[in-house]
Amino acid sequence: MTSTATRPRGARTRAAIAAKTLRTDRWWFAPLITVVGLTAWVAYATVRVYMHKWYWVEEFHYLTPFYSPCITDRCVEGAAHFGTVLPDWWIIPEAAFTLPFLLLFRLTCYYYRKAYYRSFWLSPPACAVPDGHQTYSGETRFPLLGQNLHRYFFYAAVIISLINSWDAVLAFHSPEGFGFGLGNLILIGNVVMLWAYTISCHSCRHIIGGRLKHFSKHPLRYRAWTGVSWLNVRHMQLAWITLGTLALTDFYVMAVAAEWFPDLRFIN
Amino acid sequence: MGSKRQFRIWRGDEDGGDLQDYMVEVNEGEVVLDVIHRLQATDAPDLACRWNCKAGKCGSCSMEINGKPRLACMTRMSTFEPDETVSVTPLRTFPVIRDLVTDVSFNYEKARETPAFAPPADVPPGDYRMQQVDVERSQEFRKCIECFLCQNVCHVIRDHEENKPAFSGPRFFIRAAELDMHPLDTRTDRKEYAQAEMGLGYCNITKCCTEVCPEHIKITDNGIIPMKERAVDRRYDPLVWLGSKIFRRGETPQTSVTSARAAGPATPSTTRGGVHSHAGGSHDPQAEAQAQSGVNWHREVPHPTAPAVDERGKLPLTELTFDRAAAPSPFGDDVTFPLPPEHLNFAHPEQDKH
Amino acid sequence: MTTTTRIERHHYDVVVIGAGGAGLRAAIEARLAGKKTAIISKSLFGKAHTVMAEGGAAAAMGNVNPRDNWQVHFRDTMRGGKFLNNFRMAELHAKESPQRIWELETYGALFDRTKTGKISQRNFGGHEYPRLAHVGDRTGLELIRTLQQKIVSLQQEDKREFGSYDARIRVFAETTVTELLLDGDRVAGAFGYYRESGEFVLFEAPAVVLATGGVGRSYKVTSNSWEYTGDGHALALRAGANLINMEFLQFHPTGMVWPPSVKGILVTESVRGDGGVLRNSEGKRFMFDYVPDVFRKQYAETEEEADRWYTDPDNNRRPPELLPRDEVARAINSEVKAGRGTPAGGVFLDIASRKSADEIRRRLPSMYHQFKELADVDITKEPMEVGPTCHYVMGGVEVEPDSGAAVGHVRGLFAAGEVSGGMHGSNRLGGNSLSDLLVFGKRAGGHAASYADSLPERPKVAVQAVEAAVETALAPLQRDTGESPYTLQQDLQAVMGDLVGIIRREGELADALVRLAELRERVAKVSAAGGRRYNPGWHLALDLRNMLVVSECTAKAALERRESRGGHTREDHPAMDPRWRQVNLVCSLEGDAVQLARKPLPKMRPELIALFDRAELAKYLTDEELAEFDALAEEAGN
């Protein structure tokens, strides 16, 4: 302390409180549903990625985001907009170029970090609840130091979002030429939410304007920063919404491709 | 209208202690601190507890209520069920002194290690010009009332005492962010410092600091994450690096100045008016002498500008006879404002140090 | 003797008691003058009551309205204090406050800005122009944090130079001073205890700056924190200094009266400056009925005109809600007494119906958040219940205006801030306290430093005095038959609140003196349970005697002053009396007894009194003084 620190005294101890936490509310609930939600999603995504089928609706050019861009030799005719550069070994997903980056973008995302550090790592499970580890060095060392690479994965995510947008545009298609159905709405909705999630990223907020010292000298960037900040506040919600829209989009495309039910067409 | 409520309060000191049960009367509209005061006045006169303003402005009464770090003056009794037992304990992260009082010196030590504001050397007091949008980000962090709840809840030191030497804590990350975003701060190495010396990397952004902040400062989103990103700027980002190469926008190397000294002695004016200015002068003979003797200051001290007076030698304000509350300009109608900076006058507070 | 030799001793050049705005500013100045300085803080560093100041710091910088200058500020201050101010202090304050504010920016303060990037200034009751530099509504916090951080930066300089943060300036947090020690008539040191351990500590220093704040804890409804027990006032008295103007206490017109968790908490005047209006339980905007003649010309007569003022202040007169604080407090008191108050004994302050919720949240963020969180009151939706709250004591240690040196039988004692008296006269203008802290804090610190330099040899602390101080401090712990300090404090608060409150009567004041004498007997026998370590009961027991002696001064002076002026309202003498304007009531201690004496007010210099209009002066000055003024005017005219 400014004062008493220099006064001689022995090592001091904390209050001896027996209970690990005295919280009486359901603090374990939030980490629990996070674990359930994330596990379920990852399980679904893994299964889908390794199904290697039902990802392309030839009739309407629907391509699920889980297989975009499709770049293995296994890709069906028409789904591969960017060529097929990889062999069709089963372990290689069709979207081998994008999925790792998307995974890393979300893995290093400031919101997801909070979510899984709390729920999977228990570090800490909830505020004022002890974390489950003997030692702790945070993100100061490898591999967690790599979290700082979030910025790179953000750049990658922007490119991937462009590809997804392109997919959504190409999907305005029917055998007669232009077409528009419920699938388009879902694809567009997914892309919009993906953009919202990507742009609301903390790294984006920083690059757009957060790094400036004088907003007043950069009025346009300041306005952009204000907009991104508005979205950024909703980053957590967007993170979960996009998990939902991704799964929904994929499921819809799968269902239509597998002909479980037909696409609801508005035009052609 | 009062009702009896069950409280469990930790009593003890560094040699040990335990939760003790109390039945206390609680009235409508009261907060936990009111209840503690009632206990002091009745059952437990020596119950130790820090408090000052009882209005959530000073950040003294930090404690843990039902396990959650809170300000006792901001925790309304109406937020508990009538039959709920309320437990009150001291902050866990800091050594206990007695009962609810802990030794928070850790925070003051860290405060002293955080590099202070580095004022621009060539801007005299009164010439600081900043835009509201530029100060707002730092102002958010300056709302901090130093209750140290964020420091207390942060698991980096709460659960790992051994991290204390290396980790400054959320309070001082936002202090670093505040200064890094300060429009006129001249130090450019604050992010590197935060990373290297303050332990910014220990933070795994689990956001408990933001959750407990009674001032609702977005510690993580607006303070810590931007600081992490700023550190990334310097070390890892290829595009920013490229941009700075192309546009030569790289920030200049750090000059580790914390004490403001004028950049160099300016030529003292010989034609100085020699009378104190109306804005800053004083009849203190010492101050007046200082204002007039070799001022190490780059601007000429202008002639005094006495306000215009009427024929009777008075300021043209007659409160009672005038038609409105405001006075006509005492500077005269021929002066337009704002005055050009070189016409402004005040004595430099640093001048008496030379 | 063993007890005294075991006491921790420190040697300093300047000891500053109090770590609020004035104390920190004084310490910075003493340290900049090269003196080894100690700051003694009753609570943690940076928690001082200064954080509660919301409105802003008044300084005639003229950033918003360029017509403003120090003369206008001086005039406002004198007018607000009903001409009882020490004119010299008011003058220095008006002249130097802009510099002190600008200086804060070099320490890192971030005030709200105007469009041109200067410090923004806002309107406030009693100030003719927008004058208060502010940061939202947490200006006090900004001020204390800035000064605190400046001290840290000075400590960092010392660390680089001498290898230790504490080399030249050190903060003793949670340390209370109970006694000043003298060598003859010179200050030799200060004696106190660490709250944390209960161990005693002795500071040997030739110069002591008192910056301990006010006395509000003697009142039932108060905005002040527990620290405000009049320590500095009592220390000065016991050291041989005088207190002046102790009868003048400012009751903030708008403190919350309901709900109880926020009782006493101030609703800043900015609420009224930004459009809030006062209504009684009948819904009437009653302030129009309470504009005194003195102010009639300056204040609007209709609601329409008043409402126009917010957008066009140059062509309309201001709303009566912006009258000086004492007028507003008195008006509220009258309404409540006439049975038009709320059940909790206040009136309604309504901004909810006048501004949009967004605007309220933007203009008054901490006010909004405070009431939302503390009491679940949403000020954007419902009116607040407010009433007079003890807020500030104008009186205090009588000081030399230029140096802040205490007047009396003691040398080496300085005072600044609320603990000093004279600057604000009989009533303080809002916003003047923060600038007062800075202006006189700097002056007291600087002069304490030069006083320490001027001494040929250091005064010595007498062993007997230390022993006596130890004995006094330990006494409450050693008794087990006396009353609880909490009971005694409640009784004292009841006496002061009920009998020496906002509206006073002769009989009640005389009664108060009798009761205070009884309390004195009881306080002498107070006993505190528990040990010495962080024992709030013991701390309160030691504070009680300070509160008591200061309360006696207030009650005596209030009984003596047979007029109403500013923060002193006598129901039996409702008018202002020009003869009383020439008199300061000076309180001193003889042995244990409180003595009261009259002392003439210093006379204003001609060029300063010439700033005022004769018609205005006529309300304050005696006929002789007016004749003198006329003669001066004539001379000037010739």
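Residue numbers (our numbering), protein chains in the order written: chain F, 1 to 268; chain R, 1001 to 1354; chain L, 2001 to 2638.
For every residue, glycine included, the Cβ atom is placed at its ideal position computed from N, Cα and C.
Quick check on this structure: which residue in the options has the alpha carbon closest to the alpha carbon of residue i?
i, options, result
"residue 2582/L", "2595/L, 2592/L, 2624/L", "2624/L"
"residue 136/F", "121/F, 226/F, 203/F, 148/F", "121/F"
"residue 2420/L", "2212/L, 2514/L, 2609/L, 2349/L", "2212/L"
"residue 71/F", "209/F, 81/F, 199/F", "81/F"
"residue 263/F", "207/F, 215/F, 171/F, 208/F", "171/F"
"residue 1977/L", "2536/L, 2493/L, 2071/L, 2197/L", "What is shown of chain L runs 2001 to 2638, which leaves residue 1977/L out entirely."
Going by DSSP in three states, residue i sits in which element: helix, strand or coil?
i, result
"residue 2578/L", "helix"
"residue 136/F", "coil"
"residue 57/F", "strand"
"residue 1020/R", "strand"
"residue 2614/L", "helix"
"residue 2463/L", "helix"
"residue 2446/L", "helix"
"residue 83/F", "coil"
So residue i is in the alpha helix (DSSP H); what residue range does that whole segment cover?
i, result
"residue 1010/R", "Residue 1010/R -> not in any alpha helix (DSSP H); beta strand (DSSP E) instead, spanning 1003-1013."
"residue 1152/R", "1149-1153"
"residue 2371/L", "2365-2375"
"residue 226/F", "219-232"
Any Cβ of chain L within less than 8 Å of the Cβ of residue i?
i, result
"residue 1209/R", "no"
"residue 1074/R", "yes"
Using a Cβ cut-off of 8 Å (strictly closer), state whether residue i contacts chain R.
i, result
"residue 2013/L", "no"
"residue 2208/L", "no"
"residue 223/F", "no"
"residue 2580/L", "no"
"residue 2106/L", "yes"
"residue 213/F", "yes"
"residue 209/F", "no"
"residue 2245/L", "no"
"residue 127/F", "yes"
"residue 199/F", "no"
Say yes only if the C-beta of residue i is nearer than 7 Å to one or more non-hydrogen atoms of the ligand MG, and no if none qualify.
i, result
"residue 2391/L", "Questions concerning the ligand MG fall outside what the structure shown contains, since it holds no ligand whatsoever."
Does residue i come within less than 8 Å of chain F when only Cβ atoms are used?
i, result
"residue 1301/R", "Because residue 1301/R carries a pLDDT of 38, less than 50, the predicted location of this residue cannot be relied on, and the following value inherits that uncertainty. Cβ-Cβ to chain F under 8 Å: no for residue 1301/R."
"residue 1061/R", "no"
"residue 1131/R", "yes"
"residue 1037/R", "no"
Over what stretch of residues does the beta strand (DSSP E) that includes residue i continue unbroken?
i, result
"residue 1087/R", "1086-1089"
"residue 267/F", "265-267"
"residue 2278/L", "2277-2279"
"residue 2595/L", "2593-2600"
"residue 2255/L", "2249-2256"
"residue 2037/L", "2037-2040"
"residue 2182/L", "2175-2183"
Counting contacts by CB-CB distance shorter than 8 Å, is residue i in contact with chain B?
i, result
"residue 1066/R", "In the displayed structure, chain B is absent; the protein chains listed are F, R and L."
At a cut of 8 Å, does the region 2074-2094 of chain L reach the region 2459-2467 of chain L through at least three beta carbon pairs? Verdict: no, contact absent.
Within 8 Å, do at least three Cβ pairs link the region 2212-2229 of chain L to the region 2249-2259 of chain L? With a cut-off of 8 Å, the region 2212-2229 of chain L and the region 2249-2259 of chain L count as touching, because enough Cβ pairs lie within range.
Evaluate the contact criterion for the region 2591-2598 of chain L versus the region 2273-2284 of chain L: three or more CB pairs, one atom per stretch, below 8 Å. Between the region 2591-2598 of chain L and the region 2273-2284 of chain L, the count of C-beta pairs closer than 8 Å stays below three; the two stretches do not touch.
Inter-stretch contact at 8 Å, needing at least 3 Cβ pairs: the region 2240-2249 of chain L / the region 2547-2558 of chain L: In this structure the region 2240-2249 of chain L touches the region 2547-2558 of chain L; the number of beta carbon pairs closer than 8 Å is three or more.
Counting pairs of beta carbons, one from the region 2228-2237 of chain L and one from the region 2259-2269 of chain L, are three or more of them closer than 8 Å? Under the three-pair Cβ rule at 8 Å, the region 2228-2237 of chain L does not count as touching the region 2259-2269 of chain L.
Below 8 Å, can you find three or more Cβ-Cβ pairs linking the region 227-241 of chain F to the region 2125-2139 of chain L? Fewer than three beta-carbon pairs drawn from the region 227-241 of chain F and the region 2125-2139 of chain L are found closer than 8 Å, and the two stretches are therefore not classed as touching.
Touch test, the region 2389-2400 of chain L against the region 2343-2359 of chain L, Cβ-Cβ under 8 Å, three pairs minimum: Counting Cβ pairs under 8 Å, fewer than three are found: no touch.
At least 3 beta-carbon pairs within less than 8 Å: the region 2199-2215 of chain L vs the region 2180-2188 of chain L: In this structure the region 2199-2215 of chain L touches the region 2180-2188 of chain L; the number of beta carbon pairs closer than 8 Å is three or more.
Is it true that the region 2025-2033 of chain L meets the region 2438-2454 of chain L, where meeting means three or more beta-carbon pairs spaced less than 8 Å apart? Result yes; three or more Cβ-Cβ pairs closer than 8 Å.
contact_flag[the region 2530-2542 of chain L, the region 1038-1053 of chain R] where n(CB pairs < 8 Å) is 3 or more: Taking 8 Å as the limit for Cβ pairs, the verdict is that the region 1038-1053 of chain R does touch the region 2530-2542 of chain L.
Stretch pair the region 1062-1077 of chain R + the region 1116-1127 of chain R: three plus CB contacts closer than 8 Å: Counting Cβ pairs under 8 Å, fewer than three are found: no touch.
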